[in-house]
Amino acid sequence: MQLITLYALKNDTDMHRYLRENSDWYKYLNRSARNYPSFVKAMKKQYKLNPTDKISGALDNIDLISSVIQTIK
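Taken in order, the sequence shown gives residues 7 to 79; the numbers are from this note's numbering.
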């Protein structure tokens, strides 16, 4: 594995956790550094870190808060 990839994995806690949970990625990352973008994409999909997931989560929170406020009134 290249040092740049290893450094990126060690500094990001989400990547490090995903790599420990899905150890098959060790094999793919050791074979080629070109697999790193696929690894990041899979990690973001699993942990819902994509911008669309963040926006939908924020909208869900706003809906929850508005329903609580309506119940209190």
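Even for Gly, the Cβ is constructed at its ideal location relative to N, Cα and C.
### Query
How many whole angstroms separate the CB atoms of Met21 and Leu15, which I take to be in contact at a CB cut-off of 8 Å?
Counted from its first residue, the sequence shown places residue 21 at position 15. Counted from its first residue, the sequence shown places residue 15 at position 9. Contact flag correct, Cβ pair sits at about 5 Å.
### Query
Below 8 Å between beta carbons: does that hold for Asn41 and Leu35?
Locating residue 41 in the sequence shown gives position 35, counting from the first residue. Locating residue 35 in the sequence shown gives position 29, counting from the first residue. Their beta carbons are under 8 Å apart, which means Asn41 touches Leu35 by this criterion.
### Task
Return the first residue and the last residue of the alpha helix (DSSP H) that Ser62 is part of.
Position 56 of the sequence shown, counting from 1, holds the residue named residue 62. Pro57 to Ile78 is the extent of the alpha helix (DSSP H) around Ser62.
### Message
Using 8 Å for Cβ pairs, my map puts Tyr24 next to Tyr53. What's the rounded Cβ distance?
### Response
Against the sequence shown, residue 24 aligns to sequence position 18. Against the sequence shown, residue 53 aligns to sequence position 47. Contact holds; Cβ gap of about 7 Å.
### Message
Suppose you measure from the CA of Asp30 to the CA of Asn67; what does that come to, to the nearest Å?
### Response
Against the sequence shown, residue 30 aligns to sequence position 24. Against the sequence shown, residue 67 aligns to sequence position 61. About 35 Å.
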